[in-house]
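Student: Have a look at this one before I ask anything.
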Amino acid sequence: MKELQHLNKYFLKYKKQLLLGTVITIIARIFLLFTPRYVREIFVVIEKYLRGGVSEQVVKAELTEVIIYIIGASLIAAIFTFFMRQYIINVSRYVEFDLKNEIYNQYQKLSLNFYKKNRTGDLMNRISEDVSNVRMYAGPAIMYSINTITLFVIALIYMFNEAPKLALYTVLPLPILSIVIYKLSKEIHIRSTIVQQFLSKLSSSTQESFSGISIIKAYGIEPQTSANFKSLATESKEKQISLAKVQAWFFPMMILLIGTSNLLVIYVGGMQYINGEIESLGTIAEFIIYVNMLTWPVATVGWVTSIIQQAEASQKRINEFLKLEPEIKNTVETPTKITGDIVFNNVTFTYDDTNIQALNDVSFHIKEGETLAILGKTGSGKSTILDLIGRLYDIDGGSILINGISIKDHNLTDLRKSIGYVPQDAFLFSDTIKNNIKFGDQEATDEEVFEAAKNAQVHKNIIKFNHGYDTILGERGITLSGGQKQRVSIARAIIKSPEILLFDDCLSAVDTETEEKILKNLTKITKGKTSIIVGHRVSSAKNAHKIIVLDNGKIVQEGTHETLINVDGYYQHLYLKQLSESSSTKD
7 MKELQHLNKY
17 FLKYKKQLLL
27 GTVITIIARI
37 FLLFTPRYVR
47 EIFVVIEKYL
57 RGGVSEQVVK
67 AELTEVIIYI
77 IGASLIAAIF
87 TFFMRQYIIN
97 VSRYVEFDLK
107 NEIYNQYQKL
117 SLNFYKKNRT
127 GDLMNRISED
137 VSNVRMYAGP
147 AIMYSINTIT
157 LFVIALIYMF
167 NEAPKLALYT
177 VLPLPILSIV
187 IYKLSKEIHI
197 RSTIVQQFLS
207 KLSSSTQESF
217 SGISIIKAYG
227 IEPQTSANFK
237 SLATESKEKQ
247 ISLAKVQAWF
257 FPMMILLIGT
267 SNLLVIYVGG
277 MQYINGEIES
287 LGTIAEFIIY
297 VNMLTWPVAT
307 VGWVTSIIQQ
317 AEASQKRINE
327 FLKLEPEIKN
337 TVETPTKITG
347 DIVFNNVTFT
357 YDDTNIQALN
367 DVSFHIKEGE
377 TLAILGKTGS
387 GKSTILDLIG
397 RLYDIDGGSI
407 LINGISIKDH
417 NLTDLRKSIG
427 YVPQDAFLFS
437 DTIKNNIKFG
447 DQEATDEEVF
457 EAAKNAQVHK
467 NIIKFNHGYD
477 TILGERGITL
487 SGGQKQRVSI
497 ARAIIKSPEI
507 LLFDDCLSAV
517 DTETEEKILK
527 NLTKITKGKT
537 SIIVGHRVSS
547 AKNAHKIIVL
557 DNGKIVQEGT
567 HETLINVDGY
577 YQHLYLKQLS
587 ESSSTKD
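Numbering (the numbering used here), first residue to last: 7 to 593.
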């Protein structure tokens, strides 16, 4: 139960509803327990008549009165039971809502390293399946626990008050059941944890297969993928069956308990009636009804125990993530203004997950409104610089200054709001093209969306679709080509009109003619804004105020286009190579 203590804050939040639900539950059980006592009265009246103590008319009147009481008590119990479920079950839905939001907010706070180490399917499983298991504890488990305790306490008081010896024999099997439940619960907890782990593996495998379906089909490995999935699903099934086998012991134990209790009531009660220790056969009938009324509550002891064990296993998995401290923290609450003056002073950075040093003693200065181009081989650290400016990671050594202030001393929200970022791997959401562009500015008008698309040279492509800007994109924008996705991503960044624009090799999938048009438009758009362009083409760098060339995380060349083409090195070689390729293409 230690892991489930995390939910206490939610129970305190909804304490009024829970308290009212508890009171209603107790009232409902009290009225429900009137029925056995009235049944006993029916036997007493009939026995009086058989002994000649009352007339037939009196018997009919008394029986009618008792039946009305039974119907009335049952109706009241039913009404209160309805409200009991409304209050307590609703609270479980509120808790589910709050917990999902808490997990989702935590997911957003955690750094990119977290997502590199954890699989998407597992993250989804924890916010769906695990939270659903916890909801069952916050609602049905609590409701049935209150219901069971109330029913047992009141019923036992009535039973011991009426016939202590008979009551003792009736409840005799309960301690045996408690011991069995305790041992089964421990085993359920262990197997529930294993089941949840396998569900996460299954979700991750499925998610990866669907996301990479084009690769699976291209390589013709559907049979192998299906075999892998079948193997994992079979193993998951075996774990589920293993858990079900343990859980299956509960209901047979309940049936055995109730059957034993009924036999004891009939035998012991019958002997007491013969010996004159109880006055009426109605007492035996009353006790049989009590025993059968306790059937479901006793059965729910095992069910509730199973729910609690599963909920604890799920909450433990949830807590593992909730307890993680975000690596990137917003230490400044007050708003900060970003203008775009960026300085890297001897910056060193190593990725935790691979232990690869991406940057080593990198220094440069971009003044507000200037454009910096970064070139270099694959893996030289170009994209890392952009990630560090957006503070997706914190550096190991050196310093990054923006407006002359350490990047850590800026409000993180304001910093990222001031940046328009076009990633190397263009990611689009499963929404309309218009909404994907407006993701950069939710308040943008249609005219502004069209203008951004025109500047990104994608407007003509969009209007050719059947639904134009209202076209719904597939997962990750699969409806569009690689070049179209990149251009929509560019439109999304420039519509934001940020102080800093970061372009990470975002023109690699477009032809040179389209690239020239986009760069020409970007020159106008980025005027007065700080821009960083990462690329592999000289054409994207030649108009920049400053160019740096990276190799193995170090700056090996720095200058303007005019100076670098005249210096023997990577930039000159790249320039001559691309110039030669361009000439060959024209020929």
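Think of the CB as a built atom: it goes at the ideal place given N, C-alpha and C, for glycine as much as any other residue. Quick caveat: nothing in here was measured; it's all calculated off a predicted structure.
Taking the alpha-carbon of G375 as reference, which of N361, K530, D476 has the nearest alpha-carbon?
Tutor: K530
Student: Could you give the distance in angstroms between the alpha-carbon of K470 and the alpha-carbon of S242?
Tutor: 47 Å
Student: For H416, count neighbouring Cβ atoms within 10 angstroms of its own Cβ and tell me buried if that reaches 16, exposed if not.
Tutor: buried
Student: Closest to T342 by C-alpha separation, out of F327, S424, L525, would be which residue?
Tutor: S424
Student: Which residue wins for smallest C-alpha separation from I272, given the options Q213, E135, A173, N96?
Tutor: Closest by alpha carbon: A173.
Student: Would you grab the beta carbon distance between G6 and S206 for me? Rounded to a whole angstrom, and I think it's under 8 Å.
Tutor: The chain is shown from 7 up to 593; residue 6 falls before or after that span and cannot be answered.
Student: Compare the C-alpha of L18 against each of I133, A144, E47, V368 and name the closest.
Tutor: A144
Student: Comparing alpha-carbon positions, which option in A547, I33, P332 lies nearest L157?
Tutor: I33
Student: Report buried or exposed for T340, applying the criterion of at least 16 other Cβ atoms within 10 angstroms of its Cβ.
Tutor: exposed
Student: Beta-carbon separation of I3 and Y93 under 8 Å?
Tutor: The question about residue 3 has no answer here: the residues shown for the chain are numbered 7 through 593.
Student: Assign Y20 to one of two classes, buried (16 or more other C-beta atoms within 10 Å of its C-beta) or exposed (fewer than that).
Tutor: buried
Student: How many Å lie between L270 and S80 at the Cα?
Tutor: C-alpha separation (whole angstroms): 27 Å.
Student: Have a look at the DSSP bridge pairing and note the partners of I408.
Tutor: I348, I411
Student: Using beta-carbon positions only, say whether F160 and I133 come within less than 8 Å of one another.
Tutor: First, the residue type needs correcting, since residue 160 is Ile and not Phe in the sequence shown. For I160 and I133, no; Cβs fall outside 8 Å.
Student: Under 8 Å Cβ to Cβ from G78, same chain only, skipping five residues before and after it: list those, please.
Tutor: none
Student: Give the range of the alpha helix (DSSP H) segment to which A459 is assigned.
Tutor: 452-461
Student: Could you name each continuous beta strand (DSSP E) segment of 3 residues or more that falls completely within the segment 486-565, going from the start of the chain to the end?
Tutor: Listed in chain order, the complete beta strand (DSSP E) runs (minimum 3 residues) inside the segment 486-565 are 506-510, 536-540, 552-557, 560-565.
Student: Are the CB atoms of Y576 and D557 within a distance shorter than 8 Å?
Tutor: yes
Student: Buried or exposed, going by whether 16 or more other CB atoms sit within 10 Å of the CB of G474?
Tutor: Around the C-beta of G474, fewer than 16 other C-beta atoms lie within 10 Å, and the residue is accordingly described as exposed.
Student: Looking only at its chain, what residues have a beta carbon closer than 8 Å to the beta carbon of S211, apart from the 5 residues adjacent to it on each side?
Tutor: G127, N234, F235, L238
Student: For the pair the segment 46-64 and the segment 138-152, tell me if three or more CB-CB distances fall below 8 Å.
Tutor: no
Student: Quick one: grab the DSSP three-state call for Q578.
Tutor: Correct three-state label for Q578: helix.
Student: Checking 8 Å against the spacing of the C-beta atoms, do E505 and I344 come in under that value?
Tutor: yes
Student: Can you tell me whether DSSP reads A224 as helix, strand or coil?
Tutor: Three-state result, A224: helix.
Student: May I have the straight-line CA-CA distance separating A224 from G218, to the nearest angstrom?
Tutor: 10 Å
Student: So, with DSSP's three-state summary, where would you put N417?
Tutor: coil
Student: Are at least three pairs of beta-carbons, each pair with one atom in the segment 480-500 and one in the segment 387-406, less than 8 Å apart?
Tutor: no
Student: Run the proximity test for Q578: is its beta-carbon closer than 7 Å to any non-hydrogen atom belonging to the ligand PLP?
Tutor: Among the components modelled here there is no ligand, and therefore nothing to report on the ligand PLP.
Student: Would you check if the distance between the CB atom of D510 and the CB atom of S389 is smaller than 8 Å?
Tutor: yes
Student: Between Q321 and E102, which are expected to be in contact by the criterion C-beta below 8 Å, what is the C-beta distance as a whole number of angstroms?
Tutor: No, Q321 and E102 are not in contact; Cβ-Cβ is about 12 Å, not under 8 Å.
Student: Is the separation between the beta-carbon of L381 and that of H542 shorter than 8 Å?
Tutor: yes
Student: Over the uninterrupted alpha helix (DSSP H) stretch that includes T156, give me the two end residues.
Tutor: In the DSSP assignment, T156 falls within the unbroken alpha helix (DSSP H) covering 148-168.
Student: Given a cut-off of 8 Å, decide if V310 and I264 are closer than it, judged by their beta-carbon atoms.
Tutor: Contact flag unset, no.
Student: Could you tell me how far apart the beta carbons of T646 and A364 are, in whole angstroms, since I believe they sit closer than 8 Å?
Tutor: With the chain running from 7 to 593 in the structure shown, residue 646 is simply not present.
Student: State the start and end residues of the unbroken beta strand (DSSP E) segment that holds S369.
Tutor: First-last of the beta strand (DSSP E) with S369: 363-372.
Student: If distances are taken between C-alpha atoms only, which option among N467, A550, D431, N111 comes closest to I439?
Tutor: N467
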